[in-house]
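In order, the protein sequence lines correspond to chains E and D.
Numbered by my numbering, the letters in the first sequence go through residues 28 to 534 in order.
Numbered by my numbering, the letters in the second sequence go through residues 558 to 917 in order.
We put the CB at the ideal spot given by N, CA and C, even for glycine.
Because the structure is a prediction, the values reported are computed rather than measured.
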Amino acid sequence: MIAKIVCYALQGLEGVPVEVETDASKGIPGYEMVGLPDAAVKESKERVRSAIKNSGLLFPLGKITVNFAPADIRKEGAAFDLAVAVSLLKASEQLVGAHTEDTVFLGELALDGAVRPIAGLLPILISAKGHGYTRFIVPAGNAKEAAYLGGAEIYPVRSLAETVAFLLGSAQIAPVAPKKFVPHLHAGQGADLKYVKGQPVARRALEIAVAGGHNLLLVGPPGTGKTMLARCLPTVMPDLSFEEALEITKIHSVAGTLGEDGIVSDRPSRTPHHTATTVAMCGGGNRVVRPGEISLAHGGVLFLDELPEYKRSTLEALRQPLEDGKITVSRAGGTFTFPARFMLCASMNPCPCGNYGSADKVCTCSPAEIRRYRRKISGPLLDRIDLQVEVDNVPYAALASDERQESSAAVRERVNVARAIQNVRFEESGMRTNAEMGERELSSFCRLSAEGEDILRAAFERMKLSARARSRILKVARTIADLAASEDILPAHVYEAVSYRLGDSLE
Amino acid sequence: MSACSQEARLLVWLAACAPADERARARIAQLCAQGIPRKELEKICLAVIETAQNRVYKGGIAEIEREGEEYLARLAAKGFFAVTLASADYPEALRAIPDPPIALFCAGRRELLGMRKFCIVGARLLPAWAQAAGKAIAGELSRTFAVVTGIAEGGDRAAVDGALPSGNLVCVLPCGPDVDYPAAHAALRREIAKRALLVSEYPLGMRAQKFSFHARNRILAGLSQGVLVLAAGEKSGTLITADRALAYGREVFALPHNAGAAQGVGCNALIKQGAYLCTGAQDIFDAFGMQYEGMPAPSLTPQEERMLAALRLAGEEHAAALAQRLGLPVWEAQAALASLELKGLAVRAGGNQYTAISRR
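Below you can see the structure in the form of structure tokens.
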């Protein structure tokens, strides 16, 4: 008899239906798998054999052929185990009368018949639902993740025996109850701006950066709290919407970095080490392509500590995703596009010895050394970082003693207001933030008064600003005006924007 | 170049062949001061050049002259010209020092040789305020003087930045006039050759050497009526320039620094020894008894006035501390400080620290 069971394979972030066909017939005993399975799928032969035996079921004798259709896509991983086992049982007529049609089976099997969770369940469920499937058998370990799908019957199973009993109707399994999405499950834990002492200048820059979606470069001596500030960035960003959360969860599910909650409710913050390779950063892999750090930071913050220490090629690879908000990775196994709309926050020392501009230490670097150090970051990359701010190590004990530090939530309120203004502004253009403005938008939304133009001209002449610095300053000035709920960009806004022009004076 | 005298051809070739021969230099200078007796000059040139080239000139002085002519053509092809002790426009101030360069290889505005000159130098590492002050002073001096300096980082750069816009700038190199030193300033060297005056006593292609920096400093001082030292450590090379200026009877000025600041020890020592204390261009004009009306004061908003007053009171201060003092949110303070910086009244010293710049 031939049995057909539906399973799903992952291609990038999309699920692709795969039919597992099993033929068990009389003949010389044998067990073959065809249809472009990779090593891990072929190994499922042995797992499935043991799992069936150890679940008190019968492994059929005779000639068994398992085919994965369509045969032209390569199948990876162990998520097919459950589907193979069920189809084997069905082919050997051990599941007579069971309801297996229109059902998607997902799960990895242990030798004792237990069902193990798999990576990438949510993207598969979302794709399968789009293809019209509404009945799923999934590992109990993935139940939390599955709960956010809604509009489908999802049965969590612990073992193969339980699955068989359920399919034969001798046992009941409660379907996963749909869960409502709550942003910020972990609010109040971890980083918060209220723990950052002092740093009023950097705090302000942080607020502007998030409000306008600008990328941020923190320059300062070691030990001044650059990393701490960067950790606070996600906490200041607007709450995730369910759609955004789902998108982010898909990526993390595929990468297998999804936590206990089954959904990403906080904006992600990724801090790859500076030894990270370009592939680790952008995504890749031998056959199965996995999302890289920039995709894992989608919707959140990518923090690059000690920016000049990263490999130049790795940094240059960030330029296109910074522009497009996505990355396309091409490999032998196919071409995949992952979303990568992240906010870049980078930090660096001001000079090789780290003490340039320090209040209490002496910098021993020559101007040429400092320039060489800063030149490690290419102009085109700096071009995409609108805000460059110095973080200093002035002791603020006296300053801060009577002052209560503002919490992330309070800053977030203001950010939300500024974002709302931008949403109205960009309603028709499909943009979201000021940072995404092009030349056309700059000329229509960032018109300056005569006085404002004079200031910019003076800045150009005095500070030898590059032409590209002009749009950078204009965008930041627009965000500052939005934070002040001002329709026009006032001279004070331009002046403040000019004061974040550090990188240009460095060149 | 055909108008070039026989002496000029000899001297150019001599300078090109034996750039470091101080004895020859001294003797030639002596001869030139006496009105150049031709026979003597020819004898010395033949001896020095034969030694330097390590060969015998069978054609005698005529052959040397021909080679000198060729060298002048090479210079001209690269856009340089030569000014020798025999030239009428050789700077008089430089002629007056004990060992003037036999020839100067130049590019750019030849008329600057005849202008009054003032030298601004400073260590390569100098505080941001000194850099800004140097730039401001160079800018104001360049309306009356040609500003003389080197082409290195730091103090030299401040003087170049200040004076280059007006074009009244003379840069003296410690290497051949076509050599980029430091390499990072290659574009700057070409810019100066185009808009101002580039000067070197060394022949084409000669690299900077230890002795050539010292020798160059004597030209800096020799060309100028006065020398301003922006910053100098205890053993800074800029002190050699100041020392030469004293020896040649030129005025020496120095910016005062914080007591104990390593980058200012040399300046403060100069002031102790009697150098003029200089806080702005006015001090220099006063010392030369020159009339000077300052730049028009920029207009400031009341808030900027308060900020400037607070900044002057504090010396060097952090933006946040200034905001606290004036009761402003930090971003308004940042805006006011950026405005002061644009108007040339304040300078960012790194790490969000700001300093006021003297306008007088």
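For E:Gly-124, the nearest candidate out of E:Leu-194, E:Glu-271, E:Glu-103, E:Leu-245 (CA to CA): E:Leu-194
Is D:Pro-859 helix, strand or coil when you go by DSSP? helix
Hey, E:Leu-149 and E:Thr-284: beta-carbon distance below 7 Å or not? no
I need the boundaries of the beta strand (DSSP E) containing D:Glu-564, first residue and last residue. Taken as a continuous stretch (DSSP letters only), D:Glu-564 belongs to no beta strand (DSSP E), being part of the alpha helix (DSSP H) at 563-574.
With three or more C-beta pairs closer than 8 Å as the rule, is the stretch 196-204 of chain E touching the stretch 327-334 of chain E? no
Continuous beta strand (DSSP E) stretch holding E:Pro-44: start and end: 41-52
Own chain residues within Cβ distance below 8 Å of E:Lys-156, not counting five before or after: Leu-176, Gly-178, Ala-179
Alpha carbon to alpha carbon, what distance is there between D:Glu-873 and D:Ala-685? 11 Å
I believe D:Cys-589 touches D:Ala-643 by the beta-carbon criterion, under 8 Å. Please report the beta-carbon distance rounded to the nearest angstrom. 7 Å
Could you work out which residues of chain E lie near D:Ser-896, taking near to mean beta carbons separated by less than 7 Å? Tyr-522
Compute the beta-carbon to beta-carbon distance between E:Val-235 and E:Leu-510, rounded to the nearest angstrom, for a pair I have assumed lies under 8 Å. The sequence shown places Ile at residue 235 of chain E, not Val. Between E:Leu-510 and E:Ile-235 the Cβ distance is about 7 Å, and since that is below 8 Å, they are a contact.
Can a CB atom of chain D be found closer than 7 Å to the CB of E:Pro-548? Nothing about residue 548 of chain E can be reported from this structure: the residues present for chain E run from 28 to 534 only.
Would you call E:Leu-302 buried or exposed, if buried means 16 or more other Cβ atoms sit within 10 Å of its Cβ? Here residue 302 of chain E turns out to be Thr, not Leu, going by the sequence shown. Exposed: under 16 other Cβ atoms inside 10 Å.
How about D:Ala-719 and D:Gly-696: are their beta carbons less than 7 Å apart? First, the residue type needs correcting, since residue 719 of chain D is Gly and not Ala in the sequence shown. Taking 7 Å as the Cβ cut-off, D:Gly-719 and D:Gly-696 qualify as a contacting pair.
At a Cβ threshold of 7 Å, is E:Leu-517 touching chain D? no
Looking at the structure shown, is E:Ile-449 part of a helix, part of a strand, or coil, going by DSSP? It should be noted that the sequence gives Gln, not Ile, for residue 449 of chain E. If DSSP states are grouped into helix, strand and coil, E:Gln-449 belongs with the helices.
Comparing the C-beta of E:Ala-425 with each C-beta of chain D, is any distance below 7 Å? At E:Ala-425, the pLDDT of 47 sits below 50, so the modelled position is not reliable and the matter cannot be decided from this model.
Per-residue DSSP class, three states only, for E:Glu-120: coil
So the candidates are E:Gly-134, E:Val-503, E:Leu-116; which of them puts its Cα closest to the Cα of E:His-126? E:Leu-116
Straight-line Cα distance separating D:Pro-886 from E:Pro-183: 56 Å
Which residues in chain E have a C-beta closer than 9 Å to the C-beta of D:Gly-719? List them in chain order. Residues of chain E passing the Cβ test: none, with the nearest at roughly 12 Å.
Under 7 Å, Cβ to Cβ, is there at least one residue of chain E near D:Gly-908? yes
Taking E:Leu-334 as the reference, which of E:Leu-273, E:Ser-322, E:Ala-359, E:Leu-409 has the closest Cα? E:Leu-409
What three-state label does DSSP hand D:Arg-700 in the structure shown? coil
Just to confirm my understanding: we take D:Glu-861, look at its own chain, exclude 5 residues before and 5 after, and list those with CB closer than 7 Å. What are they? Ala-893, Ser-896, Leu-897
Pull up the distance between the alpha-carbon of E:Arg-346 and that of E:Arg-411, whole angstroms please. 8 Å
Would D:Val-678 count as contacting chain E if we go by Cβ distances under 7 Å? no
Listed in chain order, which residues of the stretch 870-897 of chain D have Cβ atoms closer than 8 Å to some Cβ of chain E? His-875, Ala-876, Ala-877, Ala-878, Ala-880, Gln-881, Val-887, Trp-888, Glu-889, Gln-891, Ala-892, Ala-893, Leu-894, Ala-895, Ser-896
For a cutoff of 7 Å on Cβ pairs, would you count D:Glu-710 as touching chain E? yes
Secondary structure, alpha helix (DSSP H): runs of 4+ residues fully inside the stretch 323-365 of chain E: 339-343, 346-351
Just to confirm the assignment: which complete alpha helix (DSSP H) runs, minimum length 4, are found wholly within the stretch 261-318 of chain E? 269-282, 305-309
Span separating the alpha-carbon of E:Asn-169 from that of E:Gly-286: 11 Å
E:Tyr-383 touches chain D at which residues, Cβ-Cβ below 9 Å? Gly-907, Gly-908
Out of D:Leu-629, D:Glu-627, D:Cys-602, which has the shortest C-alpha to C-alpha gap to D:Ile-618? D:Cys-602
Chain-ordered chain E contacts of D:Leu-745 [CB-CB under 8 Å]: None at all; the shortest Cβ gap to chain E is about 12 Å.
Tell me which residues share the same chain as D:Lys-692 and place their Cβ nearer than 7 Å to its Cβ, disregarding the 5 neighbours each side in the sequence. Ala-715, Asp-718, Gly-719
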